[in-house]
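Take 451 as the starting number for the sequence shown in the working numbering and just add one per residue. The next block holds one structure in the form of structure tokens; read it before the comments.
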Amino acid sequence: MRKASSRGRRPLTKAQLLPLPADQVRRLSLKHHLALAGLRDGHGELDVIGTLLHVLYLAYFLRDAGDADPDRYYRAEAALDQCVARAERGEPWTLTDDERMAIEQLVVAHDAQLGTVPAHRYLEAWERVVRVTAPGARSPIRAQQLEH
Numbered sequence: 451m452r453k454a455s456s457r458g459r460r461p462l463t464k465a466q467l468l469p470l471p472a473d474q475v476r477r478l479s480l481k482h483h484l485a486l487a488g489l490r491d492g493h494g495e496l497d498v499i500g501t502l503l504h505v506l507y508l509a510y511f512l513r514d515a516g517d518a519d520p521d522r523y524y525r526a527e528a529a530l531d532q533c534v535a536r537a538e539r540g541e542p543w544t545l546t547d548d549e550r551m552a553i554e555q556l557v558v559a560h561d562a563q564l565g566t567v568p569a570h571r572y573l574e575a576w577e578r579v580v581r582v583t584a585p586g587a588r589s590p591i592r593a594q595q596l597e598h
């Protein structure tokens, strides 16, 4: 029988400490890149935006303290916000070149995270994503930006 840690948690299992399985990383990466391609080609919709928002918030929650480009998250969120605003006005679900570049950089950075993040950190980040994408929740990126 395992003893609970000093914080009341069970010790992490080997599977929780290891990176995500390679096949899962490939599936997630493909889903993210297909969402980006669809939006880039003007075939966006709410599901595509939802997928890219999940990428945004997962990447944000998985970032390292010394992230070389913390503004990446602000730019990507602004790009998605602008795309949604255009769609709400009846315009096509598309990205400008700058918006496309911001989302591409985010997706590529998130690919690198997925390849190395321990499973337990991914699951913890996913739980946070579920909370911040619930109706009425505020963007953690915008909230942090307002603090500074």
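Where a beta carbon is used, it is the ideal one built from N, C-alpha and C, also for glycine.
Coil, strand or helix - residue i by DSSP
i: residue 471; result: coil
i: residue 542; result: coil
i: residue 536; result: helix
i: residue 460; result: coil
i: residue 488; result: helix
i: residue 454; result: Low confidence applies here, because residue 454 scores a pLDDT of 49, under 50, leaving its location unreliable and the question unanswered by this model.
Host alpha helix (DSSP H) of residue i (start-end)
i: residue 586; result: Residue 586 -> no alpha helix (DSSP H), and no H or E assigned at all.
Residue(s) in a DSSP beta bridge with residue i
i: residue 568; result: 469
Close-in-space but distant-in-sequence residues of the same chain around residue i (CB under 6 angstroms, 5 per side omitted)
i: residue 523; result: 510, 591
i: residue 550; result: 490
i: residue 568; result: 467
i: residue 526; result: 506, 552, 553, 556
Sequence-distant residues of the same chain with beta carbon closer than 8 angstroms to residue i, five excluded per side
i: residue 572; result: 470, 508, 512, 564
i: residue 579; result: 504, 507, 508, 511
Other residues of its chain near residue i: CB distance less than 7 angstroms, five sequence neighbours each side excluded
i: residue 557; result: 482, 483, 486, 505
i: residue 532; result: 549
Which parts of the region 494-524 are runs of the alpha helix (DSSP H), unbroken and 4 residues or longer, counting only runs that do not cross its ends?
Complete alpha helix (DSSP H) runs here, min 4: 496-512.
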